[in-house]
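Numbering (my numbering), first residue to last: 2 to 151.
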């Protein structure tokens, strides 16, 4: 039987949870500043503030969390195996993306510099969905040298 255990590594982190009928856990960004800017074509590596422990035959795989407009903007990717979950968010749009914490003064910055056409994504929106991915292998010895089933 497969298992996965999460542990918060930051006091500001959100515990991964399921929020709908689809499989997997929702993961949130966790950073200290009041906002994070990701320019078009750039990739930001951010913490989720969570470590993961799971059995040896599985990895935690993080993929897109479809939630409307932001799924077209930021493409997440990461694999975690017994360590803190770090999420790589790649901006695949033509606009700057800003992940903003509550209280970040968006109004005073929109229309200026890099914020001119920025898309604002709330900090409390899930950034990725995590799944357990079985990677264990079973080798079966045969006369012809054997086969490997993955």
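Ideal placement from N, C-alpha and C gives every residue a C-beta, glycine not left out. This structure is a prediction, so every number in the text was calculated from the model and none was measured.
request  = For residue 59, write down the residues that DSSP places opposite it in a beta bridge.
outcome  = Along the chain shown, read from residue 1 onward, the residue named residue 59 stands at position 58. DSSP, once it has assigned bridges, lists 135 as partnering residue 59.
ask   = Within 10 angstroms of its Cβ, does residue 130 collect 16 or more other Cβ (buried), or is it exposed?
value = Position 129 of the chain shown, counted from the first residue, corresponds to residue 130. With 16 or more Cβ atoms within 10 Å of its Cβ, residue 130 is classed as buried.
ask   = residue 6 to residue 114, Cα distance in whole Å?
value = Position 5 of the chain shown holds residue 6. Position 113 of the chain shown holds residue 114. Put simply, the backbone Cα of residue 6 is about 43 Å away from that of residue 114.
key: Buried/exposed call for residue 124, threshold 16 Cβ in 10 Å   = As a working mapping, residue 124 is identified with position 123 in the chain shown. Within 10 angstroms of the beta-carbon of residue 124 lie 16 or more other beta-carbons, which makes it buried.
query = Leaving out the 5 sequence neighbours to the left and right, which residues in its chain are closer than 8 Å to residue 84 when beta-carbon positions are compared?
reply = The residue labelled residue 84 in the question sits at position 83 within the chain shown. For residue 84, the CB contacts under 8 Å within the same chain, skipping 5 residues up- and downstream, are 52, 53 in chain order.
request  = Determine contact between the stretch 44-51 and the stretch 101-120, defined as no fewer than three beta-carbon pairs at a distance below 8 Å.
outcome  = Contact between the stretch 44-51 and the stretch 101-120 is absent, because fewer than three Cβ pairs lie under 8 Å.
request  = Determine the direct distance from the alpha carbon of residue 55 to that of residue 35, and round the result to whole angstroms.
outcome  = The residue given as residue 35 occupies position 34 in the chain shown. The residue given as residue 55 occupies position 54 in the chain shown. Residue 35 and residue 55 have their alpha carbons spaced roughly 32 Å apart.
inquiry  = If I follow the unbroken beta strand (DSSP E) through residue 98, where does it start and stop?
reply    = To locate residue 98, count along the chain shown from 1; it is residue 97. The continuous beta strand (DSSP E) containing residue 98 extends over residues 98-101.
key: Backbone secondary structure at residue 25 - three-state DSSP   = As a first step, residue 25 must be located in the chain shown, where it is residue number 24. Residue 25 carries a coil assignment under DSSP once its states are collapsed to helix, strand and coil.
request  = Quickly, what does DSSP pair residue 91 with across the bridge? List them, please.
outcome  = Walking along the chain shown from the start, residue 91 turns up at place 90. Per DSSP, 44, 76.
Through-space distance from residue 60 to residue 140, alpha-carbon basis = Taking the chain shown and counting its residues from 1, the one referred to as residue 140 is at position 139. Taking the chain shown and counting its residues from 1, the one referred to as residue 60 is at position 59. Note that residue 140 scores a pLDDT of 45, beneath 50, so its modelled location is shaky; the value from the coordinates is reported in the next line. Going from the Cα of residue 140 to the Cα of residue 60 covers about 19 Å.
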